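Protein chains in written order, with the numbering used here: chain G, 1 to 178; chain Z, 1 to 230.
Take a look at the structure set out below.
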């Protein structure tokens, strides 16, 4: 273990604790930055925009594949796409934002996605396993800072979907046993 | 004036990125990135404030840079593959420790850039410009190790010293009812990490994290005043 540095002075003694904020919650970190006089909202907005630029770099994003963007390329509206995949607008939106646990998505749904999008199965599967994203352009539309919801189990999402028809809900829930 | 060429943030210069690094970066969601970002900005802010305090110089980084732009530059270099994340040295899925080392290196370079008539900042940190205008390279290990180089040898400003002594006294008073907090505060001021403090205080790491959380909650109200003065 290292010894205290000889050069540790009153500045370090008073502020050294600020060097170890790992594991604090996002809200705790925001509060600390506000106390430091930072414009947290503006800072997050700039960073998320910057992050988007980085993620769109060709090397980071060898396939620019996205579920809804691919559907749009094929001339499908979100409603048409939801109908063709036997899902709902809410479900395809959640899939597009990767808010559904990949392991819980039935094989049949993945197969249908690749068929309708006319791509190999690898593309939607790779896409859906990446980290969740905020809705495009939705950051800070509200007054509060954005909070990303936890990833949801596919069947829980089906059960809580208020927009889906009962017939389609029953079909999707039936895939659980397969 | 800073003559150093500074790249536009939207200009991405991709080099080869290791598959492991790419996999980890892709798995980090926006919310986690925001938490990492705040953690890094707090770290960079303290580092820069220390620099201003020690050198008694202007309270700004050269070239209009801020702790935030330095953090974004570090993250950008990670994405671009311009700095390689050594997964043996910085294991796990969390890039923060690696990025902190990169921030140390960038801040060091920034100051060295000032010393070199402000010609070196935000070039590839291996490349340096001599006072004659020639470029040369230094080993990366040296870059990471010489962050203390910006520390001034000038005597500290007595007024500031008195302020800090008073602030330390008030911080101690704020936590005086909890000897365990006083111990944590002392160790963190000596530069020990929570893991090291866990060994020193013979406490589990979770208990140490609870102490840290409580300490931060108690001291946060004093932070604004502290930073306003330095």
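The C-beta atom is built at its ideal place from N, Cα and C for all residues, glycine as well.
Just so you know, these numbers come straight off a predicted model, no measurement behind them.
Of all residues in the region 63–91 of chain Z, only 68, 72, 75, 76, 79, 80 and 81 come within less than 8 Å of chain G when Cβ atoms are compared, listed by chain position.
Considering only Z:164, Z:47, Z:90 and Z:68, the residue with the shortest C-alpha distance to residue 24 of chain Z is Z:90. Taking the C-beta atoms as reference points, residue 102 of chain G is found no nearer than 9 Å to residue 74 of chain G. Residue 152 of chain G has G:100 as its beta-bridge partners, per DSSP.
In this structure, DSSP gives residue 72 of chain G a helical state, which the three-state scheme calls helix. DSSP places residue 221 of chain Z in the uninterrupted alpha helix (DSSP H) bounded by 205–229. For residue 189 of chain Z, the uninterrupted alpha helix (DSSP H) run begins and ends at 179–189, by DSSP. Note on geometry: alpha-carbon atoms of residue 161 of chain G and residue 90 of chain G lie some 7 Å from one another. The CB of residue 171 of chain Z comes closer than 7 Å to the CB of 14 in chain G, given here in chain order. Distance check between residue 34 of chain G and each of Z:33, Z:30, Z:28 and Z:45 places Z:45 closest, using alpha-carbon atoms only. What residue 131 of chain G touches in chain Z, judged by beta-carbon distance under 8 Å, is 26, 27, 28, 29, 30 and 32, going in chain order. Counting only the Cα atoms, residue 31 of chain Z lies some 19 Å from residue 21 of chain Z. Annotation: residue 131 of chain G to residue 26 of chain Z spans about 6 Å, alpha carbon to alpha carbon. Between the alpha carbons of residue 105 of chain G and residue 31 of chain G lies a gap of roughly 37 Å. Against residue 91 of chain G, chain Z offers no close residue; the least beta-carbon distance is about 19 Å (beta-carbon pairs closer than 8 Å). In the three-state reduction of the DSSP assignment, residue 85 of chain Z falls in the coil class.
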